[in-house]
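J.: The structure's right below; bear with me while I get my questions together.
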Amino acid sequence: MSSDPKIEGYKFKPGYSGMAADTASDQTMFKGVHWGKAMMWIFLLSDTFIFSCFLISYMKGRASTPVEWPNPSEVFALNAFGVPVPLLLIAIMTFVLITSSGTMALAVKYGYERNRKMCGWLIIATALGGLTFVGMQVFEWSKLIHEGVRPWENPFGAAQFGSFFFMITGFHGTHVSIGVIFLFIYAYKTFAGHYDEGKRGWFTTMKGDYVEIEILGLYWHFVDLVWVFIFAFFYLW
Amino acid sequence: MDEIKKEQTTTHKIGIYLWIWGLLFVLSFFSYMVDWYQFQGLLRWSLILFFMFLKAGLIMAFFMHLYWERYALVNVLLWPMTAIACFVGLMVAEGKYTLFSRLFYFFVGGG
């Protein structure tokens with residue numbers, strides 16, 4: 000393994016002794032990790048707490064109401080060929096998001112291999128997957144709003160259902176939308192060769208590097224990760 | 000500087016990503032089947048949690064590269080999750096108490 004560029008002669012040790020040595024050492028704790036990547040991870044950690052607070056308040060709200068909770072399997076059912084299929088749209092959304100997560104992982108890999116075109120097209124594919132996801136979420140929202148679901152009431156059961164639904168999926172959808180915008184920006188930067196030439200970014204003196212694709216990928220995988228939990232707790236439970 | 004940077008960035012074989020991708024599809028399919036076959040009660044909840052944690056673990060370990068990161072980073076990220084677990088535990092108890100007091104005062108009456 001290579002030594003940290005900031006500290007000449009620092010020996011990497013594996014496992015917990017390595018963790019103790021890294022943490023106790025000079026200058027930087029996350030050795031060999033780009034500062035932007037460490038910052039993204041810390042942002043994602045704080046985002047984890049926000050989503051956890053939403054899901055925990057949903058759990059507490061659902062557990063403490065004496066009124067029957069709406070059955071998500073029926074509320075989110077969709078008619079396909081005249082037959083109501085439970086959670087059809089949600090299942091498709093899940094598969095779309097996992098597909099886009101896979102293309103993102105491959106984009107990071109091809110980026111590090113300095114394969115500019117493959118990296119760029121895979122980021123475009125990821126962005127299109129994200130757009131499809133947001134589009135289906137818009138469809139789902141308008142369908143439920145037409146059926147009379149509001150943050151304060153709904154025709155299916157406990158009144159809290161609407162507020163938790165709009166809050167949690169809305170916050171997640173916002174994350175996806177922001178991710179799609181950044182995916183398009185980074186696709187442009189990739190195709191324009193900013194990461195091959197080490198061109199400086201717009202608001203930073205940092206030289207462009209394919210590590211930025213990995214940082215973007217971390218955000219996108221996190222969005223997928225949050226959906227795994229929303230799918231399990233909100234739609235399946 | 001550039002040489003060192005190139006040296007640091009590790010790429011992994013494409014097979015590992017395709018495997019994880021496929022596994023995520025299969026696991027998502029299984030978790031959808033939990034609803035399709037309308038499993039209920041403890042079986043439903045444990046299956047949902049099982050598939051959820053497996054998917055989350057695969058995404059974090061391989062797509063987000065945590066499996067290959069140094070312990071200094073991994074531990075900083077994973078230990079705070081115990082705080083969330085504690086919060087969940089507290090709110091389960093609180094939810095039960097709120098439900099109890101609602102049922103008691105709405106339907107029995109406080110007197």
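Chains as they are written, first to last, in numbering that gives the first Met the number 0: chain A, 0 to 236; chain B, 0 to 110. Note that the Cβ used here is the ideal one computed from N, Cα and C, for glycine as well.
Can you tell me where the beta strand (DSSP E) with L77 of chain A in it begins and where it stops?
T.: 77-79
J.: Tell me the rounded alpha-carbon separation between F239 of chain A and I123 of chain A.
T.: Residue 239 of chain A lies beyond the stretch modelled for chain A, which goes from 0 to 236, so this question has no answer here.
J.: For L44 of chain A versus P79 of chain B, is the C-beta spacing smaller than 9 Å?
T.: yes
J.: Since V82 of chain A is in the beta strand (DSSP E), which residue starts that stretch and which ends it?
T.: 82-84 is the extent of the beta strand (DSSP E) around V82 of chain A.
J.: Less than 9 Å between the beta carbons of F75 of chain A and Y185 of chain A, yes or no?
T.: no
J.: Give every residue of the same chain whose Cβ lies closer than 6 Å to the Cβ of Y209 of chain A, excluding the five residues on either side of it in the sequence, and list them in chain order.
T.: G110, Y111, Y194
J.: By the criterion of Cβ-Cβ separation under 7 Å, what are the contact partners of S72 of chain A in chain B?
T.: Below the 7 Å Cβ cutoff, chain B contributes D34 as neighbours of S72 of chain A, in chain order.
J.: Once you ignore the five residues that flank S72 of chain A on each side, which residues in its own chain have a CB closer than 7 Å to its CB?
T.: P85, L86
J.: How about T189 of chain A: is its C-beta nearer than 9 Å to some C-beta of chain B?
T.: no
J.: Tell me which residue opens and which closes the alpha helix (DSSP H) that R61 of chain A is part of.
T.: 34-63
J.: Among A:W120, A:P13, A:E67, which one has its Cα closest to the Cα of G156 of chain A?
T.: A:E67
J.: Suppose you measure from the CA of F221 of chain A to the CA of G31 of chain A; what does that come to, to the nearest Å?
T.: Rounded to whole angstroms, F221 of chain A to G31 of chain A spans 22 Å at the Cα level.
J.: Within 10 angstroms of its Cβ, does F164 of chain A collect 16 or more other Cβ (buried), or is it exposed?
T.: Per the 10 Å Cβ criterion, buried.
J.: Measuring from the CB of M63 of chain B, is there a heavy atom of the ligand HEM at a distance below 8 Å?
T.: Absent from the structure shown: the ligand HEM. Ligands present: none.
J.: Leaving out five residues before and five after V227 of chain A in sequence, what residues of the same chain have Cβ atoms less than 6 Å from its Cβ?
T.: none
J.: Taking just the CA atoms, how far does I89 of chain A sit from G172 of chain A?
T.: 13 Å
J.: Within 10 angstroms of the Cβ of Y57 of chain A, are there 16 or more other Cβ atoms? Answer buried if so, exposed if not.
T.: Per the 10 Å Cβ criterion, buried.
J.: Taking only beta-carbon positions, decide if G94 of chain B is within less than 9 Å of chain A.
T.: Taking CB atoms only, G94 of chain B has a neighbour in chain A less than 9 Å away.
J.: Would you call G207 of chain A buried or exposed, if buried means 16 or more other Cβ atoms sit within 10 Å of its Cβ?
T.: buried
J.: Using CA coordinates, which residue listed in B:A60, B:K12, B:S30 is at the minimum distance from I91 of chain A?
T.: B:S30
J.: With 7 Å as the C-beta to C-beta threshold (strictly closer), list the residues of the segment 70-87 of chain B near chain A in chain order.
T.: Y70, A71, L72, N74, L76, P79, I83, F86, V87
J.: Using a Cβ-Cβ cut-off of 7 Å (strictly less than) and excluding sequence neighbours within five positions of M166 of chain A, which residues of its own chain qualify?
T.: F53
J.: Could you please tell me which residues of the segment 172-187 of chain A, in chain order, have their CB closer than 7 Å to any CB of chain B?
T.: For the segment 172-187 of chain A, the beta-carbon criterion of a distance under 7 Å to any beta-carbon of chain B is satisfied by none of its residues.
J.: Buried or exposed for R69 of chain B, going by 16 or more other Cβ atoms inside 10 Å?
T.: Its Cβ being crowded by 16 or more others within 10 Å, R69 of chain B is buried.
J.: Based on the DSSP secondary-structure assignment, which residues constitute the bridge partners of R199 of chain A?
T.: Its beta-bridge partners are A:K206.
J.: Using a 10 Å radius around the Cβ and a threshold of 16 neighbouring Cβ atoms, would you call K108 of chain A buried or exposed?
T.: buried
J.: Check the Cβ of T22 of chain A against every Cβ in chain B and list those closer than 7 Å, keeping chain order.
T.: Here the neighbours are A71.
J.: For M63 of chain B, which of helix, strand or coil comes out of DSSP?
T.: coil
J.: Cβ atoms of D223 of chain A and S100 of chain A: under 9 Å apart, would you say?
T.: yes
J.: Just checking, does the segment 59-69 of chain B make contact with the segment 22-40 of chain A on the three C-beta pairs under 8 Å criterion?
T.: yes
J.: Buried or exposed: Q136 of chain A, going by 16 or more other Cβ atoms within 10 Å of its Cβ?
T.: buried
J.: Less than 9 Å between CB atoms is the rule here; does Y16 of chain B satisfy it with respect to chain A?
T.: yes
J.: One question on the structure: do K59 of chain A and G94 of chain B come within less than 9 Å of each other, judged by their Cβ atoms?
T.: Going by C-beta atoms, K59 of chain A is nearer than 9 Å to G94 of chain B.
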